[in-house]
Structures are given as C-alpha cells and as structure tokens.
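Asker: One structure coming up, written as structure tokens, with questions to follow.
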Amino acid sequence: DETARLWHAACGVCIRSLEGHEDVVYSAVFSPDGALICTASRDGTARLWHTDSGKCVATLEGHGDAVICASFGWIDMCD
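Sequence positions in the sequence shown follow my numbering and run 6 to 84.
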C-alpha cells in the first residue's frame, strides 16, 4: 500500500505508520544514527521521516520514474 510501517522487532507491534506516499512503498532504510528513515516509492519520490515522531521532514522529487531504493551517504558540503 502507500504506507510504510515501523515495527517493534521483539513483539511485532506497529510503532509508527509513515503516511504520505501516493503509490506503493518499495523500500525503507534507517540513517546511520537511526534518527531518520528514508522511504522509496513508485510515486517517484523518496521521503525522509523522523524516526521518533514519524513526521515527514522532506520529500525528494524530480525522479523520472519510480524510486526503487535509497541509501544514506555523507558528503562534506563545506569543502
């Protein structure tokens, strides 16, 4: 569906529902520090979510087609 869900691994309880995509969510990945989740969707966007609140903090648009997967990488923007 159009929702990503965060589950408690030990007890199988849904902790958060990440709602906002307009099509199937293909994948999700945690940032290295665990503070953010990035979801990738057939709607052509990737979205960044705060892990603690489930709030969408950014929608990354401009892809020509579906976004199948995403990853985090660090670039020093000050150089």
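By construction, the Cβ of each residue, glycine as well, lies at the ideal position given by its N, Cα and C atoms.
(1) Taking the C-alpha atoms as reference points, what is the distance between Ala75 and Leu23?
(2) For Asp28 and Arg47, which I take to be in contact (beta-carbon distance under 8 angstroms), what is that distance rounded to the nearest angstrom?
(3) Do Val30 and Glu7 have their beta-carbon atoms positioned less than 8 angstroms apart in this structure?
(4) Is it true that the CB of Ile20 sits closer than 8 angstroms to the CB of His26?
(5) Assuming Ile73 and Ser32 are in contact, meaning their beta carbons sit under 8 angstroms apart, how far apart are those beta carbons, in whole angstroms?
Answerer: Judging by the given coordinates:
(1) Cα to Cα, the separation comes out at about 16 angstroms.
(2) Contact holds; Cβ gap of about 4 angstroms.
(3) Taking 8 angstroms as the Cβ cut-off, Glu7 and Val30 qualify as a contacting pair.
(4) For His26 and Ile20, no; Cβs fall outside 8 angstroms.
(5) 7 angstroms between Cβ atoms; contact.
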